[in-house]
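Residue numbers for the sequence shown follow full-length UniProt numbering, so the first one is 1 and each next one is one higher.
Read the structure below first, then the notes.
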Amino acid sequence: MPHADSGLARSRALRFLWPLAVAVVGVVAGYLLSVGLSGYFVFLAVSAVTAAIAILGLGIVTGSAGMIALCQLTFAAVGAWVVSLFNVLEVPGGFVVWLIAGGLAAGVVGILVGLPALRLRGVNLAVVTLGFAAAFDVTLLQIQFPGSKDGIPVLRPEGFSTDRGYFFFSIIVLAVCGLVVFWLQRGRWGSSWKAVAFSERGTASVGQSVQQAKLTAFAVSAALGGISGGLLAGQVQLPFASSFTPLQSLALYVLAVMSGAYLIDMAIFGGILWVLVPELLKRWGVPQDWGFVIFGALGVQALTSGTNLGQGIRNLWWKRADRRAAAAREAAKADAAADRAAVEPPAEASAPPAPPAASASDEPALSVTGLTVQFGALKALDEVSLEVPAGSVMGLIGPNGAGKSTFVDAISGFLPHASGTVRLGGTALGRMSPTKRARLGLRRTFQQDRVPPALTVDAYVRFVARRRVTAEEVAEVLDFFGCPPARTRLAGVDVGTRRLVEVAANVLAKPRVLLLDEPAAGLSHEEHLELGARLREVPARYGMAIVLIEHDLDLVRTVCSTLTVLDFGRVLASGPQDEVLADPAVIKAYMGETEML
Ligand code: ADP
Ligand code: MG
1 MPHADSGLAR SRALRFLWPL AVAVVGVVAG YLLSVGLSGY FVFLAVSAVT AAIAILGLGI
61 VTGSAGMIAL CQLTFAAVGA WVVSLFNVLE VPGGFVVWLI AGGLAAGVVG ILVGLPALRL
121 RGVNLAVVTL GFAAAFDVTL LQIQFPGSKD GIPVLRPEGF STDRGYFFFS IIVLAVCGLV
181 VFWLQRGRWG SSWKAVAFSE RGTASVGQSV QQAKLTAFAV SAALGGISGG LLAGQVQLPF
241 ASSFTPLQSL ALYVLAVMSG AYLIDMAIFG GILWVLVPEL LKRWGVPQDW GFVIFGALGV
301 QALTSGTNLG QGIRNLWWKR ADRRAAAARE AAKADAAADR AAVEPPAEAS APPAPPAASA
361 SDEPALSVTG LTVQFGALKA LDEVSLEVPA GSVMGLIGPN GAGKSTFVDA ISGFLPHASG
421 TVRLGGTALG RMSPTKRARL GLRRTFQQDR VPPALTVDAY VRFVARRRVT AEEVAEVLDF
481 FGCPPARTRL AGVDVGTRRL VEVAANVLAK PRVLLLDEPA AGLSHEEHLE LGARLREVPA
541 RYGMAIVLIE HDLDLVRTVC STLTVLDFGR VLASGPQDEV LADPAVIKAY MGETEML
């Protein structure tokens, strides 16, 4: 369908171009403002722009990646310091080059500060970053900004040296930063930040390094801080340590949390508040430090209610969009069901599953020997050995607490104290990390929801696939599993559907082995059967072996060619499903569970 293709290409180009158009409009508006504002307001406006850039950076580390960093103005100080130094040294290239250097230097410092974040979380990380801000503050008071003693003013960029001109320059810098952040947020890094904020395990399980996600968030965030500080150095021309105190970093953090600064418009709004509140207080004759109290109170409100201003405004809009999308989805589902009922003979669903593809004589996709996991006194897995033939669906069944999820955790590398051997294809996995295993072609889904709600279905699927996939491929796999369309926000769908998207995304990743831990939990009975029918086709269609943990034995019977039964951490039986289901030991263990017979 060339028509649809060109439509898709056009919509992709549009998605790329509209932020550019918004940025251009912003710059033009900025120019008009720079001409129209009176002198004093021009100065305030530059302050608002520099604050907005710092808040934008803060939004990445806190809003997207979910970490607390209380030293944003320290990164700004690093940027300002480098710009001052380059100014004194008269480094060729002028202000723009110095500003970029300031951003890069702050980015490097950001990575160093981010290193503790690989081990620390929450309050501990907050304390470390605040401590760093305090230490740097003391240092800055000692060493001062280069050129400040001799009163050498920072040279502004050529053509932008007046206050009005410099405001216009700062608007251009803000537009560029906004665009870069927008595109980063849309890309792999952005997805990894939102994923790591929701679940580190979930992030590692799709082959994304958790360390990399955290450090890139810190680096980009700090670089924006550095650019903000560099801009401020050009604004005031003789920067002082008092512009970059830990207390101000703290207030900026609160402002970022309150406004929802991972959204670019909200960062600008935050920047305006940052300037406006102290200014108003000054006019009303109230000491400006009370501004911190106001920010503090607003921050407490945002943190306790769990939503921020930007989120609140957007939720109103999204709720409407979600309702409309859900209605469209229901209609499409009903259509599809009617179509299938008309075409498919119902008997097909209960036919025994096809034996593994021709490659049955090949090496097994997964082979496990002597896998043992001990939790204190409890042996959750006891010398478990089994093989998953290539190109097949193996069912893993057993009562609650039998060790099925523990098995998946151990195989996918989340239980480093597990003993035994796991081989994927011919490769022994040894002590490999979950990320590495995922990259080698071992994927798993979780019994609990680990799908980051901050992403769209499209962004999530691409993130999980870890390879270049076309919009058609994404649409195809979503359609195959009956998932909502690519542009849907994951926050707007129920948990069962989210987990269905998780399955579809991992299938699109085309691993060698995919472990599915009760993927149908949360789905309706019809959706459950539908998923089973789809999974049956996956090995032939997408080329992988599946281990399916599933309670519904009817479904297991129709989907799985081989079965392993776990009971109290031991393998009760394993092999072709008819043999396993006829095994007296299995029947005995399942006595009373009428669905067995
Ligand atoms: P299943 O998925 O088959 O229902 P699990 O693998 O979740 O069972 O659990 C197997 C056994 O191991 C249960 O008795 C459970 O309580 C125990 N268990 C699972 N995870 C842990 C853990 N992190 N610490 C201690 N015990 C655990
Ligand atoms: Mg379980």
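A virtual CB, placed ideally from N, CA and C, is assigned to each residue, including glycine.
Tell me which residue opens and which closes the alpha helix (DSSP H) that residue i is part of.
i	result
R419	It should be pointed out that residue 419 corresponds to Ser in this sequence rather than to Arg. Note, S419: premise wrong, no alpha helix (DSSP H); beta strand (DSSP E) at 419-424.
T466	Reading the sequence as shown, one finds Arg at residue 466 and not Thr. Careful: R466 lies outside any alpha helix (DSSP H) and carries neither H nor E.
E473	471-480
M258	246-259
K436	434-440
E383	First-last for E383: 378-388, but that is the beta strand (DSSP E), not the alpha helix (DSSP H).
D583	That residue, D583, is in no alpha helix (DSSP H); it is neither H nor E in DSSP.
V565	Per DSSP, V565 belongs to no alpha helix (DSSP H); it is in the beta strand (DSSP E), 562-567.
S228	210-236
For residue i, count the other beta carbons within 10 Å of its own beta carbon; 16 or more makes it buried, fewer makes it exposed. Which is it?
i	result
P434	buried
F145	buried
L303	exposed
F269	buried
N506	buried
K404	buried
Q72	buried
G187	exposed
H3	Because the pLDDT of H3 is 49, which lies under 50, any placement of that residue in the model is unreliable, and the number read from its coordinates should be weighed accordingly. The residue in question, H3, is exposed, as its Cβ has fewer than 16 Cβ neighbours within 10 Å.
A13	exposed
F375	exposed
Y262	buried
Y590	buried
W18	exposed
D517	buried
N124	exposed
Q248	buried
S84	buried
Q448	exposed
Measuring straight from C-alpha to C-alpha, what distance separates residue i and residue j?
i	j	result
P239	E330	59 Å
Q142	V154	20 Å
V388	G395	10 Å
L26	E502	As written in the sequence, residue 26 is Gly, which differs from the Leu given in the question. Near 38 Å, if we compare the C-alpha coordinates of E502 and G26.
D322	V451	18 Å
D289	R283	13 Å
V275	A175	19 Å
A217	L523	35 Å
L99	V61	21 Å
residue 620	D335	In the structure as shown, the chain begins at 1 and stops at 597. Residue 620 is therefore absent and cannot be evaluated.
A101	R444	42 Å
G413	L316	41 Å
L500	P519	7 Å
I294	S64	24 Å
residue 604	T50	Summary: the structure shown does not reach residue 604, with the chain confined to residues 1 through 597, and so no result is reported for it.
R439	R466	9 Å
R489	V108	34 Å
G299	V257	7 Å
G110	L215	8 Å
L515	V547	5 Å
R487	V571	43 Å
G420	G370	5 Å
E200	W189	14 Å
L58	G260	10 Å
A504	A328	20 Å
A23	G178	8 Å
V210	V181	20 Å
Between which two residues does the beta strand (DSSP E) harbouring residue i extend?
i	result
A545	545-549
V368	366-375
I152	No beta strand (DSSP E) contains I152, which DSSP labels as neither H nor E.
S192	Note, S192: premise wrong, no beta strand (DSSP E); alpha helix (DSSP H) at 188-198.
G575	570-576
T139	Looking at the DSSP string, T139 is not in any beta strand (DSSP E); the run it does join, the alpha helix (DSSP H), is 122-143.
I397	393-397
D517	513-517
D265	Not the beta strand (DSSP E): D265 falls in the alpha helix (DSSP H), residues 264-283.
How about residue i: is its Cβ closer than 8 Å to a heavy atom in the ligand COA?
i	result
E518	This structure simply doesn't include the ligand COA; it includes the ligand ADP and the ligand MG instead.
Practice problem: Mind the definition here: the segment 567-584 touches the segment 422-431 only if three or more C-beta pairs lie below 8 Å; say whether that holds. | Solution: Result no; under three Cβ-Cβ pairs closer than 8 Å.
Quiz prompt | Contact set, the ligand ADP heavy atom to C-beta under 6 Å | solution = F375, L378, A380, G398, N400, G401, A402, G403, K404, S405, T406
Quiz item: Does the pairing of the segment 155-162 with the segment 92-102 give three or more beta-carbon distances under 8 Å?
Solution: yes
Exercise. Flag this pair as touching only if the segment 186-200 and the segment 450-469 have three or more C-beta atom pairs under 8 Å; answer yes or no.
Key: yes
Quiz item: Taking one C-beta from the segment 47-55 and one from the segment 250-258 each time, how about it: are there three or more such pairs within less than 8 Å?
Solution: yes
Quiz item: Within the chosen definition, does the segment 118-127 reach the segment 221-228 through at least 3 CB pairs nearer than 8 Å?
Solution: no
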